[in-house]
Amino acid sequence: MRDQAECLRNLVRQRESEGLHKSPLKEIKIYTVASGKGGVGKTNVVVNTAIALQKKGYRVMILDADLGLANVDVVLGIYPKVTLRDVMFDGKKLRDAVVRGPGGIRIIPGGSGMLEMTKLNSNSQKALMNQFSEIDDIDILLIDTGAGISMNQLSFITFAQEVILVTTPEPTAITDVYSVMKIISELKIDRKIKLIVNKASSDKMGKLTYAKLKKTAKSFLNIELEYLGYVADDSRVGNSVMKQVPFIINYPTCLASQCIDNIAEGITGFSAKGAKITTMSEVYNRLVKIFG
Ligand SMILES: Nc1ncnc2c1ncn2[C@@H]1O[C@H](COP(=O)(O)OP(=O)(O)OP(=O)(O)O)[C@@H](O)[C@H]1O
Ligand SMILES: [Mg+2]
Numbered sequence: 053m054r055d056q057a058e059c060l061r062n063l064v065r066q067r068e069s070e071g072l073h074k075s076p077l078k079e080i081k082i083y084t085v086a087s088g089k090g091g092v093g094k095t096n097v098v099v100n101t102a103i104a105l106q107k108k109g110y111r112v113m114i115l116d117a118d119l120g121l122a123n124v125d126v127v128l129g130i131y132p133k134v135t136l137r138d139v140m141f142d143g144k145k146l147r148d149a150v151v152r153g154p155g156g157i158r159i160i161p162g163g164s165g166m167l168e169m170t171k172l173n174s175n176s177q178k179a180l181m182n183q184f185s186e187i188d189d190i191d192i193l194l195i196d197t198g199a200g201i202s203m204n205q206l207s208f209i210t211f212a213q214e215v216i217l218v219t220t221p222e223p224t225a226i227t228d229v230y231s232v233m234k235i236i237s238e239l240k241i242d243r244k245i246k247l248i249v250n251k252a253s254s255d256k257m258g259k260l261t262y263a264k265l266k267k268t269a270k271s272f273l274n275i276e277l278e279y280l281g282y283v284a285d286d287s288r289v290g291n292s293v294m295k296q297v298p299f300i301i302n303y304p305t306c307l308a309s310q311c312i313d314n315i316a317e318g319i320t321g322f323s324a325k326g327a328k329i330t331t332m333s334e335v336y337n338r339l340v341k342i343f344g
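Here the working numbering is used: the first residue of the sequence shown is 53, the next is one more, and so on.
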């Protein structure tokens, strides 16, 4: 694990010195959404925030990068016919694997196919990269990852410009998210780390949870944790999961939806650190380098 972490660190340094910046006008902002404990609400936060951002006029794509059981499609009730695996090994087109979701968001159902990507020979990689570069109309890429501190989650953390950690106010979730921050601090990468407190009983509870984590992160890890906001513990969330319709569509004015709107507002006020990404082929290149 330590060796792999060192390897990731070197990759990030190398990439950031490459200076991928091409155009000051167009940029794809990449956010990896991660957590320590599973089931804290990452997928729901990603899907509903994506829809809120798309409503604001951004063109949003979700990369479902949970290498275990992909679950963005389950929350959305969308069952992709073509997977990334089919694109790589079955001659299917990437654009056919990209699924349209509510509000016009787009989803790449990555799943276990993400790892296979690195096993392609150079010709196939080139062909896949060309397909990635055909997707040239994205402003924001949100990456939904699996839970826990796996190398995969860490890879996606190094891949993104910004990391959004999701926790709940529960002590176990807080401890686990702290462990993720600790590993990030050991990677010594210059990433903004932001926190969302999900399933909070109130705004106050969200801020209290953040305050605790901010203090320990600063004292022990020298990490400046920023606050993106809270999402209310709201029965309509579970309700919407059952109906496979995102709550921001089903109940656009409920408290949880208002919280998501605030989070979307906070996300768009960000300025990225490190190299700027301007095309989907650069996104692809970054992915291959990290998993290769
Ligand atoms: N704000 C909320 N209020 C009430 N219930 C919630 C809220 N957010 C999530 N939930 C409940 O928690 C469940 C798990 O959420 P979700 O699938 O988004 O978590 P996850 O972090 O993506 O899980 P995994 O780690 O397994 O991918 C949901 O099905 C829903 O019932
Ligand atoms: Mg999930």
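Just so you know, even glycine gets a beta-carbon here, dropped at the ideal spot from N, CA and C.
These numbers were taken from a predicted model, which means no experiment stands behind them.
Under 6 Å: does the beta carbon of residue i sit that close to some heavy atom of ligand 2?
{"i": "K39", "result": "Any property of residue 39 remains undetermined from this structure, which presents the chain solely from 53 to 344."}
{"i": "N100", "result": "no"}
{"i": "N349", "result": "As displayed, the chain neither begins before 53 nor continues past 344, which places residue 349 out of reach and without an answer."}
{"i": "N173", "result": "no"}
{"i": "N314", "result": "no"}
Which term fits residue i, buried or exposed, when burial requires 16 or more other beta carbons within 10 angstroms of its beta carbon?
{"i": "R243", "result": "buried"}
{"i": "F211", "result": "buried"}
{"i": "Q106", "result": "buried"}
{"i": "Y282", "result": "buried"}
{"i": "G162", "result": "buried"}
{"i": "R152", "result": "exposed"}
{"i": "D116", "result": "buried"}
Just checking residue i against ligand 1 - is the residue's beta carbon closer than 6 Å to any of the ligand's heavy atoms?
{"i": "G290", "result": "yes"}
{"i": "V215", "result": "no"}
{"i": "A199", "result": "yes"}
{"i": "D286", "result": "yes"}
{"i": "V232", "result": "no"}
According to DSSP, is residue i part of a helix, a strand, or is it coil?
{"i": "V151", "result": "strand"}
{"i": "A316", "result": "helix"}
{"i": "L128", "result": "helix"}
{"i": "E276", "result": "coil"}
{"i": "Y230", "result": "helix"}
{"i": "G71", "result": "Because the pLDDT of G71 is 40, which lies under 50, any placement of that residue in the model is unreliable, and the question is left without a value."}
Check whether the Cβ atoms of residue i and residue j sit closer than 7 Å, and answer yes or no.
{"i": "I248", "j": "V218", "result": "yes"}
{"i": "V134", "j": "D148", "result": "yes"}
{"i": "I241", "j": "L280", "result": "no"}
{"i": "L277", "j": "L260", "result": "no"}
{"i": "I275", "j": "S237", "result": "yes"}
{"i": "C311", "j": "A284", "result": "yes"}
So what does residue i bridge to, in DSSP terms?
{"i": "T101", "result": "Its beta-bridge partners do not exist; DSSP assigns none."}
{"i": "D116", "result": "P161, D196"}
{"i": "K246", "result": "I216, E278"}
{"i": "Y83", "result": "L194, E214"}
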